[in-house]
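The structure appears right after this line, and notes come after that.
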Ligand code: DC
């Protein structure tokens, strides 16, 4: 039987790390929907398309073909035949992604792909509108969050570990701006679904959060 878990929350709450590990331990497929918005952002960036210009955005939508495949269990995004997965994590692409995520035709296209994936297999899908729009009937909905300064510190530590110079105040500002854009857009803004369980990870480590979701899963399956 297909079983779907939706995880939503703001940038830097730990969604992808948590969802990836939980999916692995529960034998489910992890679907990173942010990567799909990043792929569209990559296309807009590479082709110099203004996300605010409606007609250019519409024709870009028609020219974008996105395929999601799995290699050794790891999600790969194929944009018009090219695997662009390694290019998607850059900060500039993340910023552009929150702009293209406001465009109606982009969201329609990606929501379709996401729903089709969840129909075929049991998935843990993370994003901003999974519980509210993509999978309103998901078996479990989680809203994962953490304080802004905690999220900024986590991002800072991640970059510092890779020897990338950064300023924690700037990161915090970026996170605040991204939260604002994601929570205030007209279409499918980020919000906690009424039936989602809130997990604040500010004082929790990865293991604790994964175990919490797994225990919710066990309770629901047995209850
Ligand atoms: O989770 P992320 O940072 O990779 O997401 C990139 C952007 O895509 C983020 O600013 C919001 C947007 N997004 C969205 O609007 N809906 C989703 N389901 C996933 C991401």
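Numbering (the numbering used here), first residue to last: 19 to 241. Just so you know, even glycine gets a beta-carbon here, dropped at the ideal spot from N, CA and C.
Task: Assigned secondary structure, residue 132 (DSSP; H/G/I helix, E/B strand, else coil) - done: In this structure, residue 132 counts as helix in the three-state DSSP scheme.
- [ ] Identify every run of the alpha helix (DSSP H) within the stretch 48-135, keeping only runs that are complete inside it and at least 4 residues long; order them along the chain.
- [x] Taking only runs of at least 4 residues, the alpha helix (DSSP H) segments lying wholly in the stretch 48-135 are 51-64, 72-81 and 109-118.
TODO: State yes or no: is the C-beta of residue 74 within less than 8 Å of the C-beta of residue 67?
DONE: Yes. Within cutoff.
Open item on the list: Can you determine whether any heavy atom of the ligand DC sits closer than 7 Å to the C-beta of residue 133, and answer yes or no?
Closed with: Residue 133: no, Cβ never under 7 Å from the ligand DC.
Task: CA nearest to the CA of residue 131, picked from 166, 84, 116 and 163 - done: If we check each option's Cα against that of residue 131, 84 comes out closest.
- [ ] Report the rounded CA-to-CA distance for residue 211 versus residue 154, giving the unit in angstroms.
- [x] Near 9 Å, if we compare the C-alpha coordinates of residue 154 and residue 211.
Task: Extent of the continuous alpha helix (DSSP H) to which residue 193 belongs - done: That run of the alpha helix (DSSP H) goes 186-202.
Task: Host beta strand (DSSP E) of residue 215 (start-end) - done: It spans 215-218 - the beta strand (DSSP E) in which residue 215 sits, taken as one unbroken run.
Task: Extent of the continuous beta strand (DSSP E) run through residue 162 - done: The continuous beta strand (DSSP E) containing residue 162 extends over residues 158-163.
TODO: State the Cα-Cα distance for the pair residue 26 and residue 133, rounded to the nearest angstrom.
DONE: C-alpha of residue 26 to C-alpha of residue 133: approximately 15 Å in a straight line.
- [ ] Return yes when at least one heavy atom of the ligand DC lies under 7 Å from the C-beta of residue 35, else no.
- [x] Relative to the ligand DC, even the nearest heavy atom lies 7 Å or more away from the CB of residue 35.
Open item on the list: Rounded to whole angstroms, what is the Cα-Cα separation between residue 213 and residue 159?
Closed with: When the Cα atoms are used, residue 213 and residue 159 turn out to be separated by approximately 7 Å.
Task: Endpoints, the alpha helix (DSSP H) within which residue 24 is located - done: From DSSP, residue 24 is part of no alpha helix (DSSP H) but of the beta strand (DSSP E) over 22-26.
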